[in-house]
Amino acid sequence: MADPDARYTAMMPAVRHFSAKFRCEDLGKDRWLLRSLEPPDVQIHVHAAGVRVAGEPETFQGVRIEWGGATLLTLGSARGDRSRRVQDVVVHEPRGHLYDALPLARFDDPARRFWRRVFTLVRLPGGRFLLGLLARRAA
57 MADPDARYTA MMPAVRHFSA KFRCEDLGKD RWLLRSLEPP DVQIHVHAAG
107 VRVAGEPETF QGVRIEWGGA TLLTLGSARG DRSRRVQDVV VHEPRGHLYD
157 ALPLARFDDP ARRFWRRVFT LVRLPGGRFL LGLLARRAA
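See the structure below:
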């Protein structure tokens, strides 16, 4: 049976808030780049069809993005918050040690030795044929 709340949670907006300082750069053709001036190095690519995100290259104190039916971008500055409905927002956050935290499979010594022998055998002339014979014989 389907989850009765699945439809409701799919319609709920996803919200991200960044409190670092950002500089806004006009990339032309309704595209903007918000680049953080403080670590962590976050880049926010905005496609605002027909909407000016900012005037001159400005510095913003915070950025809030709300993805839902329409994407809402809120830029915080000393003059107050400005919200704009934009077409697309892509956030790029580099992760330093992303794979260190993942539970990836690791080979033990016997498995490493086995695969090293297989790949060495495949590289030899006729090694693929020999490996195929061994595999068919074992099956």
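In terms of the numbering used here, the sequence shown opens at residue 57 and continues consecutively. All C-beta atoms in this analysis are idealised placements derived from N, C-alpha and C, irrespective of residue type, glycine included.
So, helix, strand or coil for residue i, using DSSP?
i      : result
ARG87  : strand
TYR64  : Here the model assigns TYR64 a pLDDT of 48, short of 50, so the residue's position is not dependable and the matter cannot be decided.
TRP74  : Correcting the residue identity first, residue 74 is Phe in this sequence and not Trp. Reduced to three states, the DSSP call for PHE74 is strand.
PRO185 : Looking at the sequence shown, residue 185 is not Pro but Phe. Reduced to three states, the DSSP call for PHE185 is helix.
ASP137 : strand
VAL98  : coil
PHE163 : coil
LEU154 : coil
ARG131 : Reading off the sequence, residue 131 comes out as Leu, not Arg. Here LEU131 sits in strand by DSSP.
MET57  : Any answer about MET57 is weak, because its pLDDT of 48 lies below 50 and its placement is not dependable; what the coordinates show is given next. Of the three classes helix, strand and coil, the one that applies to MET57 here is coil, per DSSP.
What are the boundary residues of the alpha helix (DSSP H) that residue i is part of?
i      : result
ASP144 : Segment 144-148 is the beta strand (DSSP E) holding ASP144; no alpha helix (DSSP H) there.
According to DSSP, residue i sits in a beta bridge with which residue or residues?
i      : result
ASP82  : TRP88
THR115 : ARG79
What is the residue span of the beta strand (DSSP E) that residue i lies within?
i      : result
ARG120 : 118-123
Any heavy atom of the ligand SAH closer than 8 Å to the Cβ of residue i?
i      : result
SER139 : Absence of the ligand SAH is noted for the structure shown, with no ligands found whatsoever.
Any chance the stretch 121-129 sits against the stretch 143-155, with 3 or more Cβ pairs inside 8 Å? Touching, per the Cβ criterion.
Taking 8 Å as the threshold, find out whether the stretch 97-106 comes into contact with the stretch 152-162 through three or more Cβ pairs. The stretch 97-106 vs the stretch 152-162: no contact.
Check whether the stretch 113-120 touches the stretch 77-96, counting contact only when three or more Cβ pairs, one atom from each stretch, lie closer than 8 Å. Note that the stretch 113-120 touches the stretch 77-96; at least 3 beta-carbon pairs, one per stretch, sit closer than 8 Å.
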